[in-house]
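Contents: one structure, followed by commentary.
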Amino acid sequence: MKKIIFIIMIMYFTINANSLFSQNFNELPTKVRDSLLIKIADRALEKYGPEYNRGYLTPIVKFEGEFKGGIHKGESAYSITYSYDKSKELFERDFSAKVVVVNKSRKILTIDFGNGLSYLIEEIEMKNKKHKKMPFSTSKKQEVYKL
Numbered sequence: 123m124k125k126i127i128f129i130i131m132i133m134y135f136t137i138n139a140n141s142l143f144s145q146n147f148n149e150l151p152t153k154v155r156d157s158l159l160i161k162i163a164d165r166a167l168e169k170y171g172p173e174y175n176r177g178y179l180t181p182i183v184k185f186e187g188e189f190k191g192g193i194h195k196g197e198s199a200y201s202i203t204y205s206y207d208k209s210k211e212l213f214e215r216d217f218s219a220k221v222v223v224v225n226k227s228r229k230i231l232t233i234d235f236g237n238g239l240s241y242l243i244e245e246i247e248m249k250n251k252k253h254k255k256m257p258f259s260t261s262k263k264q265e266v267y268k269l
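Numbering-wise (my numbering), the sequence shown opens with residue 123 and increments by one.
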């Protein structure tokens, strides 16, 4: 009896491990997929622009659809958007950072920063280019004083 239970437990963990290490994010449960994508995006931001991860709001994961052309034609992508508190600071864009990850390869395609600039991460990493971390720039909102 113990052997049967042991075998069933091994089968259960093997099946779950396969889905966790699956190359396709679409096959993962939503919570697992989102947490993996956020971890990938967090690592990318730490490397290329750590100050743009404001840290106080949960990033938003969104399926972006399939590429219509280019080297990723037919592949799909997800975006991970980092929001910020607009009452405290202002960026040129509605987010502090937005990371685009290709579905099957799990590679980062681009990082768009709230200051209006972007890094083409795929190109930087393919050519082993040296990069500087994106300088942080934002406008602090002026406080409104009541008389």
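All residues carry an ideal CB built from backbone N, CA and C; glycine is no exception.
Does the Cβ of residue i have 16 or more other Cβ atoms within 10 Å, making it buried, or fewer, making it exposed?
{"i": "ARG176", "result": "buried"}
{"i": "ASN140", "result": "At ASN140, the pLDDT of 45 sits below 50, so the modelled position is not reliable; the number obtained from the coordinates is stated separately. By the neighbour-count rule (16 or more Cβ atoms within 10 Å), ASN140 is not buried but exposed."}
{"i": "MET248", "result": "exposed"}
{"i": "ILE209", "result": "The question names Ile, but residue 209 in the sequence shown is Ser. With fewer than 16 other Cβ atoms within 10 Å, it is exposed."}
{"i": "ASP156", "result": "buried"}
{"i": "ILE193", "result": "exposed"}
{"i": "ASN250", "result": "exposed"}
Whole angstroms is fine: what's the gap from residue i's alpha carbon to residue j's?
{"i": "LEU158", "j": "LYS254", "result": "25 angstroms"}
{"i": "LEU242", "j": "LEU150", "result": "27 angstroms"}
{"i": "LEU179", "j": "ASN146", "result": "26 angstroms"}
{"i": "PHE213", "j": "ASN237", "result": "6 angstroms"}
{"i": "ARG228", "j": "ILE160", "result": "12 angstroms"}
{"i": "LEU167", "j": "ILE230", "result": "11 angstroms"}
{"i": "ASP164", "j": "GLU245", "result": "19 angstroms"}
{"i": "GLY191", "j": "VAL154", "result": "29 angstroms"}
{"i": "THR152", "j": "LYS252", "result": "35 angstroms"}
Note down, in chain order, each residue of its chain lying with its Cβ closer than 7 angstroms to the Cβ of residue i, except the 5 sequence neighbours on either side.
{"i": "PHE235", "result": "GLY171, TYR174, ALA219, MET256"}
{"i": "SER261", "result": "GLU211, LEU212"}
Would you list the one or two residues that DSSP bridges to residue i?
{"i": "ILE230", "result": "VAL223"}
{"i": "SER259", "result": "DSSP, once it has assigned bridges, lists no residue as partnering SER259."}
{"i": "LEU212", "result": "SER261"}
{"i": "GLY187", "result": "ALA199"}
{"i": "SER218", "result": "Bridge partners of SER218: none, in fact."}
Which residues in the same chain as residue i place their Cβ atom closer than 8 angstroms to its Cβ, once the five residues preceding and following it in sequence are excluded?
{"i": "GLU186", "result": "SER198, ALA199, TYR200, SER201, VAL222"}
{"i": "PHE189", "result": "LYS195, GLY196, GLU197, SER198, ALA199"}
In its own chain, which residues sit with a C-beta less than 6 angstroms from the C-beta of residue i, not counting the 5 before and 5 after it?
{"i": "ILE182", "result": "THR203"}
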